[in-house]
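Heads up, the thing below is written out as structure tokens.
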């Protein structure tokens, strides 16, 4: 029964698709009918525009101009009445929007014209406004058309209608201008605008029309009537009104408009033929779709039993049983026996039997390996925690050692500074001692020179004393005349004696000083080797202190580097510990998830002893690390 339902579903789906295609074809036909109705409506609007153009021209003036002769008044009246009758017939056949109210507007215009209350120029503008309303209705129909195959042709027809309206307006405007013999204010610009509008409509028509219609239009452009229109228009714009006749202009312009209206009728015939052809094609496609759907449904009904039997053999049983077995396998019940027909090796049930057997073996192995993985993860977690603790302790010891090394380094640096200062002082003392020895030598030499000079002074004083004595003797011999000289000689003698005594005193002091200086020089010369040795020893101590400072700096840097490496190792150990914990958690989760399944022949408690392993492994790991 289930197989019948399953095989009927595609049939229903195909029938639904066929119904959709038929509905699409019917929708296309409806669009075609709407497009055809729109084309007919546009054609009725075009006929209405044509008769309104004629009535506008007759109301504005028959050939001969708006100022025609009085003897033609009855003829103009009769032509205007005939034009009104054609307009009434076109209004009856046209289906314009109620908002446009063309009949009321036409009646009002006619009443104003008949009562001579509406000037010809105003009547011309009123009729042109009404024609614009009808063209707006056609433009609205064109925008609502949903058939791309007809849109271009309909748009070409609409631009052709606009071109005809422009030609009719040009005919009326130039008819009045030629009849008056001059352009009124603003009329030249109005004519130029109408001519420019025709040029734009002409380009649009040639863009969207078929190639045959383009050739027809270009043939009309080369006709004599069109050449006469161009020449007369140029003459009027140039102001050569003496050579022009309003009636002749109206006739040649009407011939041009008539040729355009014939082309418009051909365009509508072309659109109608295309619409009928498309409508027939849509109808044929709809009936072809219906026929194809019927044949497909018949073939499906004929092939349904064979397909059902084929599906039953390929499934190997009822789909409900297959679904139940699949649900049991999804729940992990692999030990359930799958009923198979004798010799069945290719059906879905046979494949599910093989799958259940394979999954049973795989889950048993997975159950065993999940327990082993959980145990290994526990051991890894314990070892990583022990490594992290040991690394942290080593990091603390290295930090303390580094602090002690920094203290020793500071002390050595301080001793080095003191030694360097002492070496400088010793070098300075050595230099000063050498300078003192040299100064003492100079002093001894100077004192010896002083002693020699003092001896010379003593000798001079001695001789002066002798001379003073001799002078006193000579003065005594001289008597009274030499008495003054004797006094002077006595004073000189005294001075010589004093000088001699002073020289002796100075000589004695100089001798004592010389002895003292010689002893001091000998003592300085004796101390100089000791001072030099002291300076050399202090220099060696300073150099040794500097080497110790450099060596200690290298040791301190090595300790710092080792401390950083140990800290990095501690960080790695912490991350390793976190990873080991996550692995242990994932392994435990995998073990718990595997325990939810019930593979055939699996022992639910075979992994329990392995789960108790992490504690013992952790103790072994910690003891091994402690020994290391």
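In our numbering, the protein residues as written are 11 to 638. Glycine residues also receive a C-beta, built at the ideal position from the N, C-alpha and C atoms. Small disclaimer: the values here were computed from a predicted structure and weren't measured.
Report the three-state DSSP secondary structure of residue 161 (helix, strand or coil). Residue mapping note: residue 161 aligns to position 151 of the chain shown, counting from 1. Helix at residue 161.
For the alpha helix (DSSP H) containing residue 218, list its first residue and its last residue.
Locating residue 218 in the chain shown gives position 208, counting from the first residue. Where residue 218 is concerned, the enclosing alpha helix (DSSP H) stretches over 197-218.
Quiz item: Do you know offhand how far residue 96's Cα is from residue 60's?
Solution: By 1-based counting over the chain shown, the position of residue 96 is 86. By 1-based counting over the chain shown, the position of residue 60 is 50. Rounded to whole angstroms, residue 96 to residue 60 spans 10 Å at the Cα level.
- request: Give the C-beta separation of residue 394 and residue 579 to the nearest angstrom, bearing in mind that I take them to be a contact with Cβ-Cβ under 8 Å.
  value: Taking the first residue of the chain shown as position 1, residue 394 is located at position 384. Taking the first residue of the chain shown as position 1, residue 579 is located at position 569. Not a contact, Cβ separation roughly 12 Å.
Run through the segment 458-546 for me and flag every whole beta strand (DSSP E) of 3 or more residues, listed as ranges in chain order. none
Touch test, the segment 242-249 against the segment 279-287, Cβ-Cβ under 8 Å, three pairs minimum: no
Item to complete: Report the three-state DSSP secondary structure of residue 255 (helix, strand or coil).
Response: Along the chain shown, read from residue 1 onward, the residue named residue 255 stands at position 245. Correct three-state label for residue 255: coil.
| field | Alpha-carbon spacing of residue 208 relative to residue 177, whole angstroms | value | By one-based count along the chain shown, residue 208 stands at place 198. By one-based count along the chain shown, residue 177 stands at place 167. In this structure, the alpha-carbon of residue 208 lies about 7 Å from that of residue 177.
#### Entry: Stretch pair the segment 201-216 + the segment 165-174: three plus CB contacts closer than 8 Å
Flag = yes, the segment 201-216 and the segment 165-174 touch.
Next on the checklist: Please report the distance separating the alpha-carbon of residue 415 from that of residue 426.
Outcome noted: Within the chain shown, the letter at position 405 stands for residue 415. Within the chain shown, the letter at position 416 stands for residue 426. Their Cα atoms are separated by approximately 16 Å.
Could you say which of 585, 264, 370 lies nearest to residue 396 if we only look at CA atoms? Locating residue 396 in the chain shown gives position 386, where the first residue counts as 1. Cα-wise, what sits closest to residue 396 is 585.
* CA-CA distance, residue 485 and residue 468? -> Taking the first residue of the chain shown as 1, we reach residue 485 at position 475. Taking the first residue of the chain shown as 1, we reach residue 468 at position 458. Each residue's Cα considered, the two are about 25 Å apart.
*Does the segment 569-578 touch the segment 404-413, meaning 3 or more C-beta pairs lie closer than 8 Å?*
yes
### Task
Pick helix, strand or coil for residue 278, following the three-state DSSP scheme.
Here residue 278 corresponds to residue number 268 of the chain shown, with the count starting at 1. In the structure shown, residue 278 sits in a helix (DSSP, three-state: H, G or I).
In the DSSP assignment, find the unbroken alpha helix (DSSP H) run with residue 245 in it and report its ends.
Here residue 245 corresponds to residue number 235 of the chain shown, with the count starting at 1. Per DSSP, residue 245 belongs to the alpha helix (DSSP H) from 234-248.
Query raised in the report: Under the rule that 16 or more other beta-carbon atoms within 10 Å means buried, what is residue 179, buried or exposed?
Result: Stepping through the chain shown from its first residue, residue 179 is reached at position 169. Flag for residue 179 reads buried.
Secondary structure of residue 193, DSSP reduced to three states | Here residue 193 corresponds to residue number 183 of the chain shown, with the count starting at 1. Here residue 193 sits in coil by DSSP.
With distances taken between CB atoms, is the gap from residue 93 to residue 131 smaller than 8 Å? Here residue 93 is taken as the residue at index 83 of the chain shown, counted from 1. Here residue 131 is taken as the residue at index 121 of the chain shown, counted from 1. Against a cut-off of 8 Å, the Cβ pair of residue 131 and residue 93 comes out as no contact.
* Distance CB(residue 429)-CB(residue 565) smaller than 8 Å -> Walking along the chain shown from the start, residue 429 turns up at place 419. Walking along the chain shown from the start, residue 565 turns up at place 555. No; because the gap between Cβ atoms is not below 8 Å, this pair is not in contact.
### Query
DSSP three-state call for residue 125: helix, strand or coil?
Translated into positions along the chain shown, residue 125 becomes position 115. Coil.
### Query
Of the choices 590, 520, 504, whose alpha-carbon is the least far from that of residue 457?
Your numbering for residue 457 matches position 447 in the chain shown. Taking only the C-alpha atoms, the option nearest residue 457 is 520.
Quick one: residues in its chain with C-beta nearer than 8 Å to the C-beta of residue 276, no 5 flanking neighbours on either side, listed in chain order?
Counted from its first residue, the chain shown places residue 276 at position 266. Excluding sequence neighbours, residue 276 sits near 223, 226.
Residue 602: buried (16+ other C-beta within 10 angstroms of its C-beta) or exposed?
Walking along the chain shown from the start, residue 602 turns up at place 592. Classified as exposed, residue 602 has fewer than 16 neighbouring CB atoms from the shown chains inside 10 Å of its CB.
How big is the Cα-Cα spacing for residue 166 and residue 238? Counting from 1 along the chain shown, the entry for residue 166 is found at position 156. Counting from 1 along the chain shown, the entry for residue 238 is found at position 228. Their backbone Cα atoms lie some 25 Å apart in a straight line.
Report task. For residue 644, I'd like the list of residues in its chain whose CB is within less than 7 Å of its CB, leaving aside the five on either flank, ordered along the chain. Result -> The first residue shown for the chain is 11 and the last is 638, placing residue 644 beyond what the model contains.
- Task: To the nearest angstrom, report how far apart residue 119 and residue 295 are at their CA atoms.
- Result: The count along the chain shown starts at 1 and reaches residue 119 at position 109. The count along the chain shown starts at 1 and reaches residue 295 at position 285. Whole-angstrom Cα-Cα distance: 51 Å.
Item to check | Inter-residue Cα distance where the pair is residue 498 and residue 481 | outcome: Sequence index remark: in the chain shown, residue 498 carries index 488 (1-based). Sequence index remark: in the chain shown, residue 481 carries index 471 (1-based). Taking the straight line from one Cα to the other gives about 9 Å.
request  = Measure the C-alpha to C-alpha separation of residue 102 and residue 58 and round it to an integer number of angstroms.
outcome  = Mapped onto the chain shown, residue 102 falls at position 92. Mapped onto the chain shown, residue 58 falls at position 48. When rounded, the distance between both Cα atoms is 9 Å.
Between the beta-carbon of residue 265 and the beta-carbon of residue 235, is there less than 8 Å?
Your numbering for residue 265 matches position 255 in the chain shown. Your numbering for residue 235 matches position 225 in the chain shown. In contact: residue 265 and residue 235 (Cβ atoms closer than 8 Å).
*Can you have a look at residue 508 and say buried or exposed, based on whether 16 or more other CB atoms are within 10 angstroms of its CB?*
Within the chain shown, residue 508 is the residue found at index 498, counting from 1. The residue in question, residue 508, is exposed, as its Cβ has fewer than 16 Cβ neighbours within 10 Å.
Q. From residue 182 to residue 192, what does the alpha carbon distance come to, in whole angstroms?
A. In the chain shown, counting from the first residue as 1, residue 182 sits at position 172. In the chain shown, counting from the first residue as 1, residue 192 sits at position 182. Answer to the nearest angstrom: the Cα atoms are 14 Å apart.
Could you check which residue in 135, 364, 590, 540 has the C-alpha nearest to that of residue 384? Counted from its first residue, the chain shown places residue 384 at position 374. Among 135, 364, 590, 540, the Cα nearest to that of residue 384 belongs to 590.
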